[in-house]
Every structure is written in structure tokens, then in C-alpha cells.
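Peer 1: Note that the sequence shown ends on residue 125 in the numbering used here; no numbers are left out.
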Amino acid sequence: MRIPEHTIEEIRSSVSIVDIISSYVQLRKRGKNFIGLCPFNQEKTPSFTVSEEKQIFHCFGCHTGGNVYKFLMEYKSISFIEAVKEVAEIVGISLNFEEDRFESAN
Ligand SMILES: [Zn+2]
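1. So does asparagine 60 have its beta carbon nearer than 7 Å to some heavy atom of ligand 1?
2. Do the region 51-61 and the region 23-34 touch if we need at least three Cβ pairs shorter than 8 Å?
3. Could you give the distance in angstroms between the alpha-carbon of glycine 111 and the alpha-carbon of isoleucine 40?
4. So, is lysine 104 buried or exposed, given that buried needs 16 or more other C-beta atoms within 10 angstroms?
5. Could you pull the start and end residues of the alpha helix (DSSP H) that isoleucine 54 belongs to?
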């Protein structure tokens, strides 16, 4: 199963990483960024940072970081493809994985 690069990018740019992550992690705004308690390591002071501007997250405690797909992969222990599918569903973009075999579908 292969998803074209431009589709992966289109899906990613259709969501805000802040919206996605805030449904799993409680975030609060600090300056340009959002911060919260890292879901990947035990901590009492928030070092988990989400940048809306850059559309990435980074934890200064455990050094986990990346884009929205990386977050979902790590958080839910799912594959990259599954993470893309999950975001695609949220934004309502349909993935035509099998367009080669079903050319006339839809
Ligand atoms: Zn962390």
C-alpha cells in the first residue's frame, strides 16, 4: 500500500497539529507555542511543546519530536500509513489506495 507524497502532504496541511494533539494531551498556550505534559515520559513540569507555526511537536524531556503523523505513530503505536489514514479520516480526504485495480470506482 502506497500513498502519494503529495497526498500525504495535503492531508498533513489540512489539519492543525495543535488540534490533533490537544485531543490527546492537555495543552496550554505559551507565547507562540503550546505546552503540556509529555505523554511519552513521566514528568511534572511540562516540557512537551507544540508549534502551530511549524506544525511540529518536541519534548525537551525525552527528545521525541516530529510532525502530526509522528505523534500519532508514537502515541498510538501505529504505523505511518495508519497515522496518515487517521488524519485523512478527520479531514475527510479519501485515500484511493486501490485506484490501479478499481479505476472506475466512484
Ligand atoms: Zn517527553
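For glycine and all other residues, C-beta sits at the position ideal for the given N, C-alpha and C.
Peer 2: Walking through what the data contain:
1. yes
2. no
3. 18 Å
4. buried
5. Premise fails: isoleucine 54 lies in the beta strand (DSSP E), 52-55, not in any alpha helix (DSSP H).
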